[in-house]
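Report on one structure; see the data block that follows.
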Amino acid sequence: MFRPRVSLPSVWRPRAAVVALTLLLSACATLPQRGQIVMRDVAFPLRDFRFPSGLRVVVEQDARSPVVAVVAVVGAGGSSDPGGKEGLAHVVEHLAFRSRHAGSPSVWRRLEASGAGFYNASTSLDYTSYETLGPKEALPVLLKLEGQRLAAPLAGVSPEVFAVEREVVRNELRQRNETGYVGQVFSWLNAAAFPGGHPYARPLAGTHESLSALSLSDAQRFARAHYRPDNVTLVIAGDVDLAAVEATLRANLPEAWVGTGAPLALEARLPAQPAAPATTPAQKSVPVFTAAVPTPEVYLSWVLPRGFDESSAVQDFVRATFGQNLWGAVRNDGDIADISTNLIPGTRASLLVVRVRLSRGDDPTRSAGKVLDQVQNAWVQEIQPGSVLGREFDFQATRRQVVTGMVLESEDLMSRTERRALLTHFTQDVRSYTRSQVALMGLGGGKVTDFSYQWLQRDRVRMIVVRPGEVPGAATAAATLSADEEPWTTPAEQVTPSMTAALDSPVQVLKLDNGMEVLLAPRPGLPVVRIGAALGGGSSYGAKSGVADLANWGSFRESWFEGRPSDWGLHSTSSFQRDHLRVGISGTAGNVGNMLAMLAEQLDSTRTSEDVVRFYREQVLPWRQAVDSNPELLAERHLQKALYGTHPFAREATGADLAQVSWTEAEAWLKDVYRPANTVVVIAGEFDVKEVEGLARKYLGGWSRGKAAPVATPAAPELPAASSEATVLLSPRPGASQAQVQLACRLPTATPEAEARYALMAELIHNHASGEMRSRRGATYGFSARPWLGRGGAAHLVLEGAVDAQRMGEGISTVTQLLASFGKEVPEHALERARRGMLASQAVSFISSEAWVNALLTARVRGFEPDTVTRRPALLQTVTAESLRKEFEGCFQRPVVSITADEGKARPVIQAMSQP
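Counting from 1, one number per residue, gives the positions in the sequence shown under UniProt numbering.
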C-alpha cells in the first residue's frame, strides 16, 4: 500500500510531562514534619504529532510495565444527537465494536485476538472515548485496528446486527448507566438543570421511544458527520519506543487519516471567552420520579462553568472535597443515611451532583435543606482572626490531599492516558494535562471560596426526588442473529512475553516478633507507596449475627499522636468483606515512614463507643432496615444460604440482628480481631527495601495485643449432595421489566491450582453466556462470572446478569445448557480463548502498586503463599480441558438458580424448568 509523505521533523526532542510538585528532598533519618509531602520529580517523555488530515496523536513513554494504553477521543457525544434521535451517539459507540473491515472478524474479536487485556468505551455529553490496554508487542495491531474503527465505525454492520445492539443499549438503559446512576436518573437531572432546547437537557442515553425510532441509516449519517480525523485525538502511553513510534503510526493508520501536505489548521474547540452557563428558572415544585432504588433518594445539582481547561481546576478541587463537608447533614437530619457527590464536565457547562440516600423519605425537602446548610457553612469565612487562620489551615490540609490524590491517580496508566486525551482534545494543547495539575496545586482558599459563593448558592440548586418503583420498559423485539457470525479460531500466538513478564517482581516476606507478617513489593517507576493490612474475621466472624457489621461501622481510631492523614496528604481506605477486613493508607514515597507510623497507631487504637453505637441506631439503622426488603439484597441473602447452609459464610446480618448488638459486644469483637498475629501487611511502591524493613519493624513490630495466633478459620463445608434438579430461588420484584438471573454452584476446597481452574471456568462461561445472550440475541447488557474463595478453602462460582423480562426463560435455559455442555466437553479452542483472555487481563492489571497490594493480601487471606501471585500465569497455563470438564460436571450436579423478577412473569418460567 502506498504510504504518503508526512511533513514531520526528522530531528526531535522528547517533551516531558511533569507531575509538578514542590519537593522536599532530605537525607535525614527522622520522619518528615507535618505539612511536608516528600517525593522526587517525575517526568514522562512525549512526542506530539499533528497530521495533515487534522488527526492529533500524542505518544507518552512510561516503561514501568510492558503494557501500552491507546485512547481515542471523538468530539461527539450525546449533545450531538439529532432531535428525536437521543441515544444515537451511544448506539454508534456500541456498533463500533461490531464493525468488520476488509473481511476481518469484528473489532471485538480482533481486540481479543490481539492480546488486549482491557477494552471499553463510553459516551459522555460532548465526546465518545475508546480505551484499550494491551501488551507492548501488540501496539501495531492495536493501531491498525483503532484506525480502521475510527475511519469506518459501522463497516460491515448489518441491519440484523444493528437491531440486536439496539436491544443491548435498551437493556443498559434499564440498569445503572455509565454515570453510575440508576436508569434515567442522569437524564432527569439534566432536564431539571438545563433549560429546554439546551443540548444537555436531552437524555444522553436516549429513551425507549427514541431508541425505537433509530435506524441503521441514522447511525451511518452520524458516523460520517462526526468520525473524522480532524475531530479525533489519539493518545498512546506506556512502554513505547519514542524513536520508532513515528514509523509505526505511518505503517498502521489509514492513509486518509494521515493525509499529505501541511497539517490542517483546526478551529478552536473551546471558545476563548466561555459563555455563562445557562440553567433553568428557580423551581416552583420538585419533580418526583420512580426507579429501581431500594429507598428514596434526593438529587441536588448546580450548573457550573465548562470543564476541560485550566480554569476548571477549582471544580476538580470542589469535587474532591465537597462530600466531606456535607456529613454534618447526616447528624442533623434523622432521615439521611448516606451522601455522595459527582462532577460531570462538559464543554458548555458542568454539573455538580449531590446524591442523598434517605431511610424513609418522609420530607425530602427538609433533608435537602440540611444538606444545603452544610454547603453554605463549608465556605463561610468568619471575620475573627482565629477562625480565618483555622479555615486556612483546613484548606491547606485539604489541598495536600487533593495534590497527593492527583499523583496517586497518575499511577493508573489508563486513567492518566484518558485524562490527557480529553484535555488535549478540547484545549488542543498537549501541555494542558500538566497545566491542569499546576493550576490545581496553585489554588488558594480565597479562590475556592469566591467560586463557591458565585456558583453554589441556594437559588442555583435544582432538585429531583427518586422513589422506589418500577418504570415499565418499552416492548422489545426478539432480535436474534441466526448464528454466531464469527466462530472463534485459535490465535497463532497463544501467549506473548508481556503476558507473563508483567508479574515478574520480587516479594520479600518479613515475620515480626509480634506475629505479624509483612510483605515488601518494591515497584520502581513512580514515587508513590501504598500500604494495605488485612485482618482475619469479616462479617461472618463472631458468636452473634450482626456483631461484626456493627463493630466495623462503629469503629474509629482513638489516638492521633502520629498525626492525621491530611498532615501529609495521605489517603486512607477501608473495606469489610465476608471473611476479613482491610485498611490501607497511601501517599508519596518520601512519606512511607509517616504512613507506617500512622497505620500502627490506627491498628493499635481502633475501638468503638456507646455514643457511636447510639448514633448508628438512631440515624443509620432505619435505612438499613428499609434496605433489608430490597429484592436484590434478599436474593443475595437467599443465595448464600442455599450455597452454604449453616456455615458461617451463609450469615447475612439484618437490621433486626444489628438492633440486638450492644456496644460492649462490638468492642469485644474489635479487640479480638485487631491483633498482630491476625494481621498481614503489604507495602508496595517505590522504596528502599532495607530502609522500609527497618521502619516496618520499628512501627508495626511495636504493636502488642491479644493471642499470638490468628482468629479461627472456618473449615470448608462439605459439598452438597448431587441432584438431578437445580435449587430454584425467587425474589419477587413487582413490575420489573428485567429479571436478575444468578446461576451458582459450590466448588471443591480451593488451592492455588484449583483457583486457576475456577478463574478459567468463570471466563469460559462469561464468554459464552454474553456471546449468546448479548451479542447474538440482544436480550441483556451482559453477563458476568466470578469465583469466590474464602478463608479456609470454601469456594463457589456465580454467573449473573439482567435479562429482558420477556426473555427470562430463554436466558435461564441458555446459561444452564452452557453449564451442562461444559460438563460433557470443554472445547480446546474455547479453553485457549479463555486462557489468553485471563493472561492478557492479568498482565495489564498489575501496573499500579495498588494492584500488588490487593493481590498479595487476597492470596494471604486465602492461605496461599505470596509467590502464588507471581506464579499465576504458570498455573493458568497448566489447566487442561479435561480438568475443567470435571469441575463443570460437578458444578452442574449442584446448581442453584436465583431469579429476581416480577412474580407473575417468573412463575411460568420456574414451572417450565421443572418439566423433564
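All C-beta atoms, glycine included, are put in the ideal place defined by N, C-alpha and C. Only a predicted model underlies this, so the values are computations on that prediction, with no experimental measurement involved.
Endpoints, the alpha helix (DSSP H) within which residue i is located
i      : result
VAL869 : 867-877
LEU658 : 655-659
ILE683 : No alpha helix (DSSP H) holds ILE683; the beta strand (DSSP E) holding it covers 679-685.
ALA256 : 255-258
LEU249 : 245-252
VAL528 : Run containing VAL528: none in the alpha helix (DSSP H); it sits in the beta strand (DSSP E), 528-536.
ARG435 : 432-441
ASP429 : Segment: none, ASP429 is in no alpha helix (DSSP H) and carries neither H nor E.
VAL318 : 313-322
GLN454 : 445-455
Residue i versus residue j - alpha carbon distance
i           : j      : result
LEU216      : ARG228 : 19 Å
PRO866      : LEU510 : 12 Å
LEU743      : HIS768 : 14 Å
LEU31       : ASN854 : 26 Å
residue 939 : ARG617 : Here the chain has residues from 1 to 916 only, and residue 939 is not among them.
GLU667      : VAL547 : 9 Å
LEU253      : VAL430 : 21 Å
ASP218      : LEU88  : 8 Å
SER415      : VAL528 : 16 Å
PRO364      : ARG331 : 16 Å
THR727      : PHE783 : 20 Å
THR608      : ALA276 : 49 Å
TRP302      : CYS745 : 47 Å
PRO565      : HIS571 : 6 Å
SER883      : ALA642 : 26 Å
PRO203      : SER212 : 14 Å
residue 918 : VAL711 : No statement about residue 918 is possible, as the shown extent of the chain runs from 1 to 916 and does not include it.
SER848      : GLY536 : 25 Å
GLU418      : GLN911 : 49 Å
ASP333      : ALA650 : 34 Å
PRO296      : GLY569 : 35 Å
ARG5        : GLY261 : Low local confidence applies: a pLDDT of 26 at ARG5 is under 50, so the model's placement there is unreliable, with the coordinate-based value given in what follows. Roughly 8 Å separates the two Cα atoms.
ASP121      : GLU718 : Note that residue 121 is Ala in the sequence shown here, rather than Asp. Going from the Cα of ALA121 to the Cα of GLU718 covers about 43 Å.
Bridge partner(s) assigned by DSSP for residue i
i      : result
SER898 : LEU729 and GLN742
ARG228 : Partner(s): none; ARG228 has no beta bridge.
LYS511 : GLU517
TRP302 : LEU352
SER784 : GLU800
PRO774 : Note that residue 774 corresponds to Arg in the displayed sequence, not to Pro. According to DSSP, which records beta bridges pairwise, ARG774 is partnered with nothing at all.
THR341 : VAL354
ILE336 : LEU358
GLU297 : ARG357 and VAL466
LEU643 : Partner(s): none; LEU643 has no beta bridge.
THR233 : ARG56 and VAL73
PRO720 : Per DSSP, none; premise fails for PRO720.
PRO522 : GLY685
Unbroken beta strand (DSSP E) run spanning residue i, endpoints
i      : result
LEU352 : 350-358
VAL286 : No beta strand (DSSP E) holds VAL286; DSSP gives it neither H nor E.
PRO752 : From DSSP, PRO752 is part of no beta strand (DSSP E) but of the alpha helix (DSSP H) over 752-770.
ARG697 : Element bounds for ARG697: not the beta strand (DSSP E) but the alpha helix (DSSP H), 689-699.
LEU49  : It is worth fixing the name first, because residue 49 is Phe in this sequence and not Leu. Residues 42-50.
Closer than 6 Å: residue i CB and nearest the ligand GDP heavy atom
i      : result
GLY147 : No copy of the ligand GDP appears in this structure; indeed no ligand is present at all.
Which runs of the beta strand (DSSP E) at least 3 residues long sit entirely within the UniProt domain "Peptidase M16 N-terminal" (56-207)? Give them in chain order. The DSSP assignment places complete beta strand (DSSP E) segments of no fewer than 3 residues inside the UniProt domain "Peptidase M16 N-terminal" (56-207) at 56-61, 67-74, 118-123 and 128-135, in order along the chain.
Three or more C-beta pairs closer than 8 Å, one from the segment 64-73 and one from the segment 127-134: is that the case here? The segment 64-73 is in contact with the segment 127-134.
Taking only runs of the alpha helix (DSSP H) that begin and end inside the segment 794-860, which ones reach a length of at least 4 residues, in chain order? Within the segment 794-860, the runs of alpha helix (DSSP H) at least 4 residues long that lie entirely inside it are, in chain order, 808-824 and 828-845.
contact_flag[the segment 389-406, the segment 276-289] where n(CB pairs < 8 Å) is 3 or more: Verdict: no, contact absent.
Do three or more CB pairs link the segment 122-129 to the segment 74-92 at distances below 8 Å? The segment 122-129 makes contact with the segment 74-92: 3 or more CB pairs, one atom from each, lie closer than 8 Å.
Pick out the complete beta strand (DSSP E) segments inside the segment 547-635, 3 residues or longer, and give them in chain order. For the segment 547-635, the full-length beta strand (DSSP E) segments reaching 3 residues or more read 571-576 and 580-588 along the chain.
Three CB pairs or more closer than 8 Å across the segment 262-269 and the segment 152-167: Cβ pair count under 8 Å is below three, so no.
Check whether the segment 596-603 touches the segment 698-712, taking contact to mean three or more Cβ pairs, one atom from each stretch, closer than 8 Å. Yes: the two stretches touch, three or more of their Cβ pairs being nearer than 8 Å.
Between the segment 831-846 and the segment 755-767, can you find at least three pairs of beta-carbon atoms closer than 8 Å? Touching, yes.
Using 8 Å as the threshold, is the segment 623-632 in touch with the segment 440-459, meaning 3 or more CB pairs across them? Verdict: no, contact absent.
Assess, as a yes-or-no matter, whether the segment 78-88 is touched by the segment 233-250 under the definition of 3 or more beta carbon pairs within less than 8 Å. By the Cβ test, the segment 233-250 is not in contact with the segment 78-88, since fewer than three Cβ pairs between them sit closer than 8 Å.
Three CB pairs or more closer than 8 Å across the segment 164-172 and the segment 99-114: Output reads no: the segment 99-114 does not touch the segment 164-172.
Determine contact between the segment 359-376 and the segment 309-317, defined as no fewer than three beta-carbon pairs at a distance below 8 Å. Segments in contact, no.
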